[in-house]
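For reference, each letter of the sequence shown is one residue, going 2 to 219 in this note's numbering.
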Amino acid sequence: MKFFIDTANLEQIKEAVQLGIIDGVTTNPSLMAKENIKGIDNIYQHYKEICEIVDGPVSAEVISLDYEGMIEEGEKLAKLHPNIVVKVPITADGLKAIRYFTDNGIKTNCTLIFSAGQALLAAKCGATYVSPFVGRLDDISHDGVDLIRQIVDIYSNYGFQTQILAASVRHPMHIIECAEAGADVATCPLSSMLALLNHPLTDNGLKQFLKDYENSQK
Ligand code: E4P
2 MKFFIDTANL EQIKEAVQLG IIDGVTTNPS LMAKENIKGI DNIYQHYKEI
52 CEIVDGPVSA EVISLDYEGM IEEGEKLAKL HPNIVVKVPI TADGLKAIRY
102 FTDNGIKTNC TLIFSAGQAL LAAKCGATYV SPFVGRLDDI SHDGVDLIRQ
152 IVDIYSNYGF QTQILAASVR HPMHIIECAE AGADVATCPL SSMLALLNHP
202 LTDNGLKQFL KDYENSQK
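And the structure:
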């Protein structure tokens, strides 16, 4: 399973890259806003900086809701760097835009997926990635990981090439469960990935090893 970091924060992206566990980055307008970047030129510059830090796909989301606007924005985004993946919401105009981008060799990430039917439509249009939002489904008492399982089954029944990018992944058990379900990618904050590291037996074992080493040197 690939790990993407779900942030636009350059320091966190650098830290994750140094850990050697990062295959790509996802952003969305809310994550970009969190970094307080003002103006379209600065936003585009920020995407370029992310692409320089990570050698892998970087999702950059369109803001337009209409087909023409999505195409114009998506083409500009794709020109920023070869690793840019244009993130498009699952709407009728979004589907048309994904089909256009697919036919023109531009990679896409179909976002805001909350049902298997939406994921099926995104795959039909040739989306490179589909982003089912696990955590936001859990927030409304639906099982987000169940949706991942459903999409994995449907895609494997028909051999769809669209990669399942589990999004809105917020804690270590989400990552484990998405891996068990067969998601191709999980995108989450650095803190969730780091939480996978923790185990009290590792801490105790390390402490004991060091203690025994020190005693043996007296
Ligand atoms: C990723 O690309 C999604 O936009 C993101 O994972 C959403 O996460 P959230 O539900 O924690 O905001």
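Beta carbons: idealized from backbone N, C-alpha and C, even for Gly.
Less than 8 Å between the CB atoms is what I'm expecting for residue i and residue j, so what's the real figure, rounded?
i	j	result
P190	T8	6 Å
I152	V131	7 Å
I44	I38	5 Å
S169	G136	4 Å
D185	M33	D185 to M33, Cβ: 24 Å. No contact.
A257	P133	No statement about residue 257 is possible, as the shown extent of the chain runs from 2 to 219 and does not include it.
T188	A123	With 8 Å as the limit, T188 and A123 do not qualify as a contact, their Cβ atoms being about 16 Å apart.
A117	L148	7 Å
Once the 5 residues before and after residue i are set aside, which same chain residues still bring their CB inside 6 Å of it?
i	result
P90	T112, L113
Y68	D94, K97, A98
C126	L96, I99, R100
Considering only C-alpha positions, which residue in the set the options is nearest to residue i?
i	options	result
I14	P58, G95, D144	P58
M71	N110, I155, A34	N110
G21	K35, F5, E36	F5
I177	V86, N84, L198	L198
L66	D42, Q46, T92	T92
N84	P201, G145, H200, A61	A61
Give every residue of the same chain whose Cβ lies closer than 7 Å to the Cβ of residue i, excluding the five residues on either side of it in the sequence, and list them in chain order.
i	result
S55	As written in the sequence, residue 55 is Val, which differs from the Ser given in the question. Result list for V55: I14, V18, I23, G25, V26, in chain order.
K49	L81, H82
L121	I155
R150	A182
I141	none
F102	G75, V87, T109
Can you look up residue i in the DSSP assignment and give me helix, strand or coil?
i	result
I23	coil
L113	strand
E188	The question names Glu, but residue 188 in the sequence shown is Thr. T188: strand per DSSP, three-state reduction.
F161	coil
P90	strand
S132	strand
Whose C-beta lies closer than 8 Å to the C-beta of residue i among residues of the same chain, with five residues either side of it excluded?
i	result
A196	H172, P173
At a Cβ threshold of 8 Å, is residue i touching chain D?
i	result
C189	This model lacks chain D altogether; it includes just one protein chain.
Residues proximal to ligand 1 by C-beta, any heavy atom closer than 5 Å = D7, T27, N29, G136, R137, A168, S169
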